[in-house]
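Inspection log for the structure reproduced underneath, given as structure tokens.
Numbering (the UniProt record's numbering), first residue to last: 1 to 145.
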């Protein structure tokens, strides 16, 4: 049932599409962002990401660019070149300067979520996660993004 209150609440929420090859990583990102008022859609392939972007108004895309087969870099590049109103962010290991540069140059990447120590866990003390979820941090180390 339509109600003005529900309509106003939905307009306040920003929609974020998360593309990760690993469900655990996607869930961590979703929990971080949902606690800050984001409405999250998760997908696990570039094809799903493109289909979702065609059907929904998306404000931001966070794509895992660590897995080459996932197509995350291509999704970021598509957003950057076809709809600049979509903010783009990447999930990558902190020490992967090459992929970070590609995400920035090809995908207009505005920031990074870092994977912790060769795992599928998001490092909440670095990168964009540090700015989004400061209450979850045990230490407040910031990286230049």
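Cβ coordinates follow ideal geometry from the N, Cα and C atoms, glycine included. These numbers were taken from a predicted model, which means no experiment stands behind them.
{"query": "For residue 88, write down the residues that DSSP places opposite it in a beta bridge.", "result": "61"}
{"query": "Is residue 19 buried or exposed, if buried means 16 or more other CB atoms sit within 10 Å of its CB?", "result": "buried"}
{"query": "Can you tell which of 16, 45, 81 has the C-alpha that lies nearest to the C-alpha of residue 35?", "result": "16"}
{"query": "Considering only C-alpha positions, which residue in the set 25, 103, 123 is nearest to residue 73?", "result": "103"}
{"query": "Could you check the C-alpha separation between residue 142 and residue 123 for me, to the nearest Å?", "result": "Here residue 142 scores only 34 on pLDDT, less than 50, and its place in the model should not be relied on; the value that follows carries that caveat. Going by the C-alpha atoms only, they are around 11 Å apart."}
{"query": "Tell me whether residue 16 sits in a helix, a strand or coil according to DSSP, three-state version.", "result": "strand"}
{"query": "Under the assumption that residue 79 contacts residue 61 (Cβ atoms under 8 Å), give the Cβ distance between them as a whole number of angstroms.", "result": "5 Å"}
{"query": "What's the call for residue 3, buried or exposed, on a 16-neighbour Cβ count within 10 Å?", "result": "With a pLDDT of 30 at residue 3, under the threshold of 50, the modelled position of that residue is not reliable, and the figure given next carries that caveat. Exposed, since its Cβ has fewer than 16 Cβ neighbours within 10 Å."}
{"query": "Taking the Cβ atom as the reference point for each residue, do residue 88 and residue 107 lie within a distance shorter than 7 Å?", "result": "yes"}
{"query": "So, helix, strand or coil for residue 77, using DSSP?", "result": "helix"}
{"query": "Please find out if some non-hydrogen atom of the ligand ADP comes closer than 6 Å to the beta-carbon of residue 22.", "result": "Among the components modelled here there is no ligand, and therefore nothing to report on the ligand ADP."}
{"query": "For the alpha helix (DSSP H) that contains residue 54, what are its first and last residues?", "result": "46 to 55"}
{"query": "Leaving aside the five residues before and after residue 109 along the sequence, list all residues of the same chain whose C-beta is less than 7 Å from its C-beta, in chain order.", "result": "76, 88, 89, 90, 103"}
{"query": "With a threshold of 8 Å on Cβ separation, who are the neighbours of residue 30 within its own chain once the five nearest residues in sequence on each side are excluded?", "result": "18, 40, 42"}
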